[in-house]
Every structure is written in C-alpha cells, then in structure tokens.
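Chains as they are written, first to last, in full-length UniProt numbering: chain A, 1 to 631; chain B, 1 to 631.
Virtual Cβ for every residue (Gly too), placed ideally from N, Cα, C.
The structure displayed is predicted, hence computed values, not measured ones.
Take a look at the structure set out below.
There are 2 protein chains.
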Amino acid sequence: MPLGQRAGDKSDSRYCGVEVLDFPAGDGLPAVLTHSLSSAFDFLLAPLVDPDYRPTPGTVLPVAASDLVLSPSQWSSHIVGKISEWIDLDSEDEQLRLDSELTLKQEIAWASHLSLQACVLPPPRRSSCANYARVVNNILQGLTNMQLWLRIPLEKSEPMDEDRDQSDIVDSWEWWNSFRLLCEHSSQLYVALDILSSLPSMNSLGRWFGEPVRAAILQTDAFLTNARGYPCLSKRHQTLLTGFFNHSVQAIISGRSNHNVSQVAEGVLSGAENHTADTPIRHTLSPYLDYIAYLYQRMDPLPEQERFEPLMDNLEAQTYETFEKDTVKYAQYQRAIAKALVDKVSDDEVSTTRTVLMVVGAGRGPLVRASLQAAEETGRKLKVYAVEKNPNAVITLHSLIKLEGWESMVTIISSDMRCWDAPEKADILVSELLGSFGDNELSPECLDGAQRFLKPDGISIPYSYTSFIQPVTASKLHNDIKAHKDIAHFETAYVVKLHRVARLAPPQPVFSFTHPNFPKATNQRYTKLQFKLPQDTGSCLVHGFAGYFDAVLYKDVHLGIEPNTCTPNMFSWFPIFFPLRKPIYIPSESPIEVHFWRCCGATKVWYEWAMMAPSPSPIHNSNGRSYWVGL
Amino acid sequence: MPLGQRAGDKSDSRYCGVEVLDFPAGDGLPAVLTHSLSSAFDFLLAPLVDPDYRPTPGTVLPVAASDLVLSPSQWSSHIVGKISEWIDLDSEDEQLRLDSELTLKQEIAWASHLSLQACVLPPPRRSSCANYARVVNNILQGLTNMQLWLRIPLEKSEPMDEDRDQSDIVDSWEWWNSFRLLCEHSSQLYVALDILSSLPSMNSLGRWFGEPVRAAILQTDAFLTNARGYPCLSKRHQTLLTGFFNHSVQAIISGRSNHNVSQVAEGVLSGAENHTADTPIRHTLSPYLDYIAYLYQRMDPLPEQERFEPLMDNLEAQTYETFEKDTVKYAQYQRAIAKALVDKVSDDEVSTTRTVLMVVGAGRGPLVRASLQAAEETGRKLKVYAVEKNPNAVITLHSLIKLEGWESMVTIISSDMRCWDAPEKADILVSELLGSFGDNELSPECLDGAQRFLKPDGISIPYSYTSFIQPVTASKLHNDIKAHKDIAHFETAYVVKLHRVARLAPPQPVFSFTHPNFPKATNQRYTKLQFKLPQDTGSCLVHGFAGYFDAVLYKDVHLGIEPNTCTPNMFSWFPIFFPLRKPIYIPSESPIEVHFWRCCGATKVWYEWAMMAPSPSPIHNSNGRSYWVGL
C-alpha cells in the first residue's frame, strides 16, 4: 500500500519496504510477507539463502523458500533479495574469497530464477573493494533485467582490514565511486543507503542526489522518540528523507523496534497463534512506517511543470503549449517596455511623440500585446512593426489584430527579418530569441542583423544576457547518453529537466552579449572558469555541466533561469546539460577548471568545451562536428 | 645524406636536419636548400610565411617561396614547415588570439598544399595552452597526411603569463600532456624537443622515450668545445642523443654557430658570390653535423633480434625459425637437467640406476637432445619418453632419433599428454610451455595434468615461474590499439617488442607457480601491486603494463626475460603488453596501484586487470570477454 496519494507523484518513492532480519526457515516467508503487506508495507528485503550456508560440493543451496511458495508476481513485486552478509570478497583469506565468490554467484542465479527485480549486495567491508567489484562486474555482464543495489552506510566508515590504522576512516561515497568505476558505470548497478543516527554534512549528503540511489534503508536506531513515545526523526533526517522522496528514492525500514508503543493495539509477531483472523497483529515496525507515511504525505504537491519528465529528444513538441501560457515571462517584457517608453518619451512629449517599436519574431503576437499594454499603461503613443517569417503565425497575427482593433497601431511584416527593408528606423527593438543557455538559439546573430533597423540611440529589449554553468553529478543522464554508444551524443548539449542531479558548486557566468552591438564586435567567445567545491563535500564525480541564462530586459527588469536569481513561476525554459565524455573524479578540495568556447563559422555556430583541472579532458565537439546551430 | 650506415637501422634517426633561422625572402629558399644538402644535411626546418605578416583582409599570404621554386618531391622530402613563432593563442589579448588562429590555419593550409610531411608548431607560451590545443585539434580533424610536431623545450620553463608568480615553473612535459589529452591522443600529433644546455634528471628525461618524439632540435648553445676547438656534447647529452637515435628520433641542428672552426675550409654563406662550383662553401653548422654523425656512427650495431619489429598479429609465424635456434635456452635446460640427475643418482648408483625422464611437448626434439647431453655429461643412465601431440613434429622426431642412434634410450609417444596412459612413473618431467608472461600459455594446467606420471618425489623442470609487470608510457602502442576502434583490443595482451616505451618503475612479481603441485591447489590468482615512481620523474602518463617472466628451471638455474635478471642472448620471448583502455595520468610522486587476476573457468583461462590508484579504471576483460586461452 503506497505511503499516500501525492498529486503527480508516479515515482517509486511512494513505496516503503521492510527488511527481514531473521532467516525465515522452513516455509516462513509467505507468512512474513502476508503479515507485512497487511501492515501496509509494500515489499520485503529478505534473505534468500540460509546465512549459515558455506559452499560444499554436492549440497543443494539451502534457500529460504522454494519458488512455489509464492506466485511469480509475488516474487517479482514484493521481494527484494538480500545477499548473504558474511561474504567477504576482499579478505586476505583466499578460501573465504573463493567461497564468497561462489556463494554470491549462486544466490544471484537463484534470484534471477525467481525473476526478482533487485537484489541488495552487502556493504564492502574493506578499504579496497576491487575483488568484490570484479565479481559483481562479472555477474552484471550476464544479467538481463535484475538490478543490483550495493548497500552503502551513509556515514564515514571504518573498514575491517586487519592491517589498517584505527584512524583510517573511509568516506563511504569513495567505496561506491570505486565500485562503479570498476563496473564501468553499469546501468544495472544502484545504491541502497543505510541511514544511521549520525549524518555527515549536508554538502556531503548532497552528492548522493546525483547518484543512482534506489533505496534509503532507515535503521530504527536512527529514530528519536517524541513526547508521546512515538518514533520520529531529527530535522536533518527529515530534510534528507524529503530530499530522497523528491529524487524517487524509496524507504525501507530496518532493525528491531525500539518503540513498543501501545502494546495492546500492536501485539508481537511471535508464533502468530494468539490472534484471530478479525484482529490481525500489528507489525512491530508499524509505528515507524506510520511516521514515514506522515512525512511523505506532509510534502507539498508537485508543481504542475514538475509532473512530466520530458524525453530529451522531443521537448519542443511537449512544451509548445506550455510556452504560450507563460504569463510571467510576458509580464516582465511589459514592465521592461513600459520603462523604456518612459525613458524615451518624457511626460511633456507624450502627446507629440510616437515611439516606433519593432517586434522581431512576433510569432502569434504575445510581445505585440505586451508592447501595446505597456503603451497604454504609460500613456505613450506607439507604432508597432511585427516582423514574422512563419506564414502560419502571420495568419493568426492578422486575426488577433483585427479582433483587438489594433489595425491603426500595428503593421504586420510577413518576412524574414534578414531580408526586410524597413521603411523607418525603430526606437525600440523587442525580441524573444533566447534559449536555455541564452545565446544558444542564435539571438546574438539575429539581433546583429536586426540592429540595422535601430536608431543609433535605440534600445534593444533584451538589453543583455549571460549564460551560466555549474558542475553536476548526473549519473542517470550520463547513462542515458552512454546508451547511444557513440561520441557524438557526449558532445551534444541537452535541454532537459534536471531531476536526479547533485549541484556541486554555485553557477558562474560564461558568455555575455549586449545589444545593440555598435560597432559590431565578434560573437565568438572564450571563457575559463574555476569552481571550488565546499570543503565538507568530500570527493565527487562530475558528469557534466548544467547551464542556465539570465537576461536583462531593460534596466532592473530581468528574466532568467539561473537558480539563484531565477524568475519565479516561469516555465518556458528547462536547463541545458553539457556532458563530459568521461566523468571526471574530483578529489576533495581540488578546484575544477573548465573552458568554454562559442565558435562562429560561415554556416554554423557551436560550442566546444573541455575540462582542464583536475585533469584535461579531450576538447568536446571539435569543429562543431557533433552539435551546432545552422546560420 | 644519412648520418652513416648502421647495420640494420632503417629508422628516421639516420637523417639530420637544420633549422633555417632567417626568413628566406624572395626566392632564397632553393639556394639555402642546395647549400644545406650539399653540406650533408638531409632536410630543412624552414619558415613558410614572412614572420612580419599579420592577417589583413584582402592581402595575399607572403609565403617564403611559391610552390614552383621547388619540385613536389623536394618540398615533401626536404622541407619541414616551421609555423610562425609570434602566434600566441592563449594570450589575454583577444585580437592577438584571433589573428593567431587565422594565421595558424592559413599556414597549415599552405603547408598541406605543398604536401609537406610535417610542420613544427611553436612551443606553448602560457601556463595554460587550452585554446592553442583547441585550434590545433580543429586542424587535426581535417588533416589527412601531414604530421604536426609540437615544439617543446626539454627543461622546466617559465610561461610568459603577465599575472604569474616568477616562481611558477612548468614541467614542459605537462604542456605536452595537456595538449595531447585535449587533442584526444591524435595519431598525427608528435613532439619536437628543443635540447638546451641544461638537462633535467635522467628519470624525467626517460618519460620521453614512451612519447611520440619525432625530432630532437639541438641548439648550438647546448654544445661544449673540445680541446681542438671543435663542438662536442656533454656525457649526459651524448647519452640522451644516443637514446633518441635508438628510439627513431632524428636530430635537427639549430642556432648560430659558436664554433668558427677553420675559417679557410669553411667560409661563410654571405651572398654566395665568393665561391666557385668546384669549392662549395661549407655550411656554418657543418662542425655540429660532423659531431652528430660521429656519435651516430659510434653506436653499436643493432643486435640481430632487434632488426625486425614484428607486427603484433603474426608474431609466431615470423619468429618460428628463431625459436629453434635459441641455443642459450636449451643450454640452460641442459644445465638444469644435469643438476637434477646428479641429485637423483649419487655417484655410487650410476651403474645400477636408470633415471626415467619424460619430455612433455617434445616438439622436434631440442629438449630430448638437451636431456641426453646432460646424461652424457654427468655419466647418468637415462630413459626418455618424448610425448608430442603434433604428428608432423613426431615424424621429425623419429628421423632425429634414428639419425643420432638414440633408439635404445628414447621412446616416442605420439599422443596428447592429457590422454596418455604412461607405463611407468617418471623421476624427472621436462617441459617448455612457458609464455612471455610465464603462465599465459597454460603451463600450470598442462603440468597439473602431466604430474600424474610423476613419482611423489619427482622433479619438474621448470620447478617454478613468476610473472612480472611494470608500468610504462607507450604512446605508439596505445595509438596502434586505438586504431581498431573497439574495447576488445584494449582488453587483450600483446606479445610485442617494446621499442618506443618508457619504463617508469622496476618490475614487480605478479603470479608464481610451483611444480609439481601436490596436493593440487587452484591456479586462480589475485595480486595487488603498488609502484612508486622515482621522485625526480615528475608526472607521467601510463598506457599499460609491460609483462615478463622468470623461471627457476632447477635450483640456481634460471631462465627469463625480466629485465633485471634476464638470461642474456636469448630471443625466444618478447615481452607482453597489457594495455589500459584509457591512459592514466600519474601526478608526481603518486603511487600506482594495479590489481591482476588470473581466472579459471570450465573451458578457458584469462586475466582481468584494473588500476586502483591514483584512480580506479574499469575492470579490463571481465569474464574473459575479449581475451582468453581455451582449455
């Protein structure tokens, strides 16, 4: 039974599981499952094989339950397999290593036979997990559907190596990072995080939001007790768990109950004899589940623009209607135009002066409307030229003007702005040619062409725009791109909602353009940026850069999606993502240096980018070979 | 005219060029070329475009000479183009950057038009060379045949950045490394090293032997003066230059003459009027060329086994004959067998005891001969079983035995050793199943099978063997493998002569096997190795690991190719090379950690390997998917 109904949430975070600690010998598993499901848990994390088993030639694997005791759909929907925790593939003891390898392979083969969706691998035990990773990588090569979730404690850990200093504490993220690098970023390898009572810093935790975390295993020991004796979580734990819910991570409750609330109502599952069919015994962990469900239901509903995750390739089609309804955007344009009109025409001149305003790329008319509203609001007289090259949009524009009775104020020019010979020069040039990265849809080139209609003292709205980037961990995006198996997809920027992403450092400005561009200067750009990660982040992996823009429409009126200054409730633009062909490991406290170029050729404009520190990457998209915009 | 005739040397190191310092305006280039060739230089490093040129719209490129003043073959055989040295692609001055980009592209286009084999790019001037690398990478994408040689000073350098500390000194190898990483290890990008009077440490210099160095540009300032007033080089310079000659690097002499030896014989090229056709004026740099030629001719001739560089794929065919002639190898076997016979049979028992010796894999009989010679040498009586599965070899073996009259001592068994049912057990088991990496041709598995014929106190020759690896820079091997454009070739080990390779740290043992293997233990192995590079090496790039073996045949008689202990004058084995899919950058003084596995399946044996430090690589050859030996 899902944690609750949250409008728009289709993710796995609605489901909550429970870990089975004791091996359900005999045919105990169906009873445990029935009891847990009836207590509103959605699935079990359950051992599949007797933990006392060690491989012996000729013996049958002592499994928890034959495949017949549960139906195939029960196995696949309600059981996540738990691999035996004694396995220790990086032990110095060769026999233990070999036994562990054999058992791990046997258990995974059994789980595959049961068609489980996932198995949880026990946490690495040693400072080095190379042999463990090697065996798991071997298994992953042959696995068709099942996922493997590597269990990782969410705090610094002390490996159990015999020969290690006591002071040698491992950042558990490093275990995960080594493991997945050794396994070539396998798309079937995930993380299950054990949440304990102490938590590392928020910057350190934040890294996990860009990693493929499937489950947060909440230990009962991590819970506090509220005034009424019920379990609850610290503020920091609550924030973390909400963060995980927002990143499609599901909770699993684990451990012995420390909160024996209301014995009467609850009972204990001991033998299961002392209850009737009418009054099922409550699960000992139900109070924890209740609290998790409460946290889940307390979350804000998802805003409408968050409810769909567009595919990378057909974003425009899906968001076409959305763009037209972005009232916030046009309100900002109206404010900017109003300010420009007031600056152009003083109150004394209102009756004698008519301002000439050109909308280049008028589309179906939203900027024409904003301009006329600004004129009305400020009491300025306006003559509008609406230039549009799409003949279908021009038809709509004609109807609109007739309908609104704007014929005397608006002249429609059905032409490409590059070919039009304007009969007079404009005081104000208004356009909306910005892409997610500002200049990425050729706004600079288009406006450089259009500025020949602008008076020397004319105003361009937007006046300027700047792109921004920030380094991110984005394991899912990386794997989506890798699935194409070519370099070209790693040299392409994607306009995409950034969902499972860790933002590692504040965004920094990349390229700026100002209009009008008198005398015309080059639109080529070259910028070097250095990012310093917060000290307490630890090491991390960078899969690429998230890009944004901010535009100054006029004076203090701006518009943009740069996270720190973004215009609220505007949804015309998603961020852009510039991937790296090979994710780059950033040692703790190492600065990241990246270079971005905007290149202009005779027929196209493109970006190139390269990491320089901590180590140089190849130049991406050399000569615009993979990704460009045609002039 | 080549530097000299050196038996077996077919490499470019025979040729020596001279750098033209002054721009040969007008049609001066043919005269300079004629003079240099008649002075025994082989080619010119010459500027192609007037160094005072800056791009101006509408002007014709002021080239040194039209393409008609030299024949096409003269251009391509005798001229290496020198790109203008003023270009500065990483300047803070945007106009200088843009002018530099345009000029560089124009000059390379001109050089391509002339069909030059190579152009030398001026050294990077700044601590960061990202924009320079980006433009060169752009050019490389469109270049079909011409090579680009990046000029790099062979010493620590001070970049000319305005805003840098004076103390910021760059290891020039870092420039090269960043440049080639940014250019994706382009196979058309090479290095030309400027050799100056001071040299860094030998460990630091040694890195270059694994890099694609095409030319050593010897500055006249690097020369000393000998007692007779002639130019000569310091011992360290001589060693370096000899090293370069051995790695197919050609010399270019550059600079003004500091040794005005014997004015009368030499003259000076000034106007070229004061000489007749019969007495050509000597080139001012001839004394330097004479010295270089002297160094070249003084080198030892190449040993016979060095004279051919086998292709990776058909090594066996080319070296088949060679193996049979490896007398050193069989002499070592004979010594080992003799010692074993003496240990088995005391002098008192000589007349009463006959030792049973089995040769498993007898081939055409070299080990049979070695065994009988050992018996004769020690006066021991011997009964030999020669087991061979190749029926063609068995025919040769029969003839040999008849020819030598060994019928009474030798029994030929035409059978696979795995099927043979021996009539008696052996005292000594002799085999030669070792590969370049020791166990890589299944010697452990074969001998585990054959030991069932061996008495419990029997002796196996070889008694044990150990594989070794060391990290190497091997840019050429990396590019050869990359040309296949797949992962499988990067997960395959190659038996190959290691020619252009820098050995970064002493070899360390990997896997050891001992025979007989009573009671039979697993032949799976797992070894972690840590390499520490000498402190003064600086940073470097590791392309993979060179592998070797050493075998103890019996007691103190060993046989092997591990460089520090290798058996002299033996040529049956080349080293083996384990590549890395992605070369790994090793920061100065960082340890290298690598893990090697020997894995045994039901039908095959294979290796897996992975780097763990400084950063984890993927596991190579998971499940033996790319490279294995069938059982």
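Three-way DSSP call (helix, strand, coil) for residue i in this model
i                      : result
residue 36 of chain A  : helix
residue 503 of chain A : strand
residue 56 of chain B  : coil
residue 602 of chain B : coil
residue 224 of chain A : strand
residue 588 of chain A : coil
residue 465 of chain B : strand
residue 337 of chain B : helix
residue 349 of chain B : helix
residue 248 of chain A : coil
residue 552 of chain B : strand
residue 325 of chain B : coil
residue 274 of chain A : Note on residue 274 of chain A: pLDDT 48, under 50, position unreliable in the model; no value is reported.
residue 130 of chain A : helix
residue 420 of chain A : coil
residue 509 of chain A : strand
Inter-residue Cα distance where the pair is residue i and residue j
i                      : j                      : result
residue 60 of chain B  : residue 111 of chain B : 15 angstroms
residue 235 of chain A : residue 224 of chain A : 11 angstroms
residue 415 of chain B : residue 71 of chain A  : 55 angstroms
residue 328 of chain A : residue 363 of chain A : 18 angstroms
residue 4 of chain B   : residue 296 of chain B : 7 angstroms
residue 155 of chain B : residue 504 of chain A : 38 angstroms
residue 405 of chain A : residue 551 of chain A : 32 angstroms
residue 28 of chain B  : residue 108 of chain B : 21 angstroms
residue 126 of chain A : residue 64 of chain A  : 28 angstroms
residue 491 of chain A : residue 197 of chain B : 44 angstroms
residue 571 of chain B : residue 429 of chain B : 24 angstroms
residue 463 of chain B : residue 77 of chain B  : 56 angstroms
residue 150 of chain B : residue 193 of chain B : 8 angstroms
residue 447 of chain A : residue 174 of chain A : 49 angstroms
residue 483 of chain B : residue 140 of chain B : 16 angstroms
residue 578 of chain B : residue 546 of chain B : 6 angstroms
residue 360 of chain A : residue 176 of chain B : 48 angstroms
Inter-residue CB distance, residue i and residue j (contact presumed, cutoff 8 angstroms)
i                      : j                      : result
residue 459 of chain B : residue 340 of chain B : 5 angstroms
residue 385 of chain A : residue 411 of chain A : 5 angstroms
residue 598 of chain B : residue 524 of chain B : 6 angstroms
residue 584 of chain B : residue 542 of chain B : 5 angstroms
residue 148 of chain B : residue 189 of chain B : 6 angstroms
residue 248 of chain B : residue 11 of chain B  : 4 angstroms
Buried or exposed by the 16-neighbour rule on C-beta atoms within 10 Å, applied to residue i
i                      : result
residue 145 of chain B : exposed
residue 256 of chain B : exposed
residue 630 of chain B : exposed
residue 502 of chain A : buried
residue 160 of chain A : exposed
residue 284 of chain B : buried
residue 271 of chain A : Residue placement at residue 271 of chain A cannot be trusted, given a pLDDT of 43 that sits under 50; the coordinates are not used to answer.
beta-carbon residue i near the ligand FMN non-hydrogen atom, thresh 8 angstroms
i                     : result
residue 65 of chain A : The model on display carries no ligand, and the ligand FMN is accordingly not part of it.
Original post:
Taking contact to mean at least 3 C-beta pairs separated by less than 8 angstroms, is the stretch 361 to 372 of chain B in contact with the stretch 329 to 337 of chain B?
Top reply: yes
Subject >> Three CB pairs or more closer than 8 angstroms across the stretch 17 to 34 of chain A and the stretch 42 to 51 of chain A >> reply: yes
**OP:** Answer yes if the stretch 213 to 223 of chain B comes into contact with the stretch 591 to 610 of chain A, meaning at least three C-beta pairs across the two stretches below 8 angstroms, and no otherwise.
**Re:** no
**OP:** Could you say if the stretch 587 to 595 of chain A and the stretch 612 to 629 of chain A meet the contact criterion of at least three C-beta pairs nearer than 8 angstroms?
**Re:** Contact annotation: the stretch 587 to 595 of chain A touches the stretch 612 to 629 of chain A, with at least three C-beta pairs closer than 8 angstroms.
Original post:
With contact counted as at least three CB pairs below 8 angstroms, one residue from each stretch, are the stretch 481 to 501 of chain A and the stretch 553 to 568 of chain A in contact?
Top reply: no
Original post:
Are the stretch 428 to 444 of chain B and the stretch 505 to 521 of chain B in contact at 8 angstroms, needing three or more beta carbon pairs?
Top reply: Below 8 angstroms, enough C-beta pairs join the stretch 428 to 444 of chain B and the stretch 505 to 521 of chain B to call them touching: three or more.
**OP:** Check whether the stretch 85 to 105 of chain B touches the stretch 120 to 140 of chain B, taking contact to mean three or more Cβ pairs, one atom from each stretch, closer than 8 angstroms.
**Re:** yes
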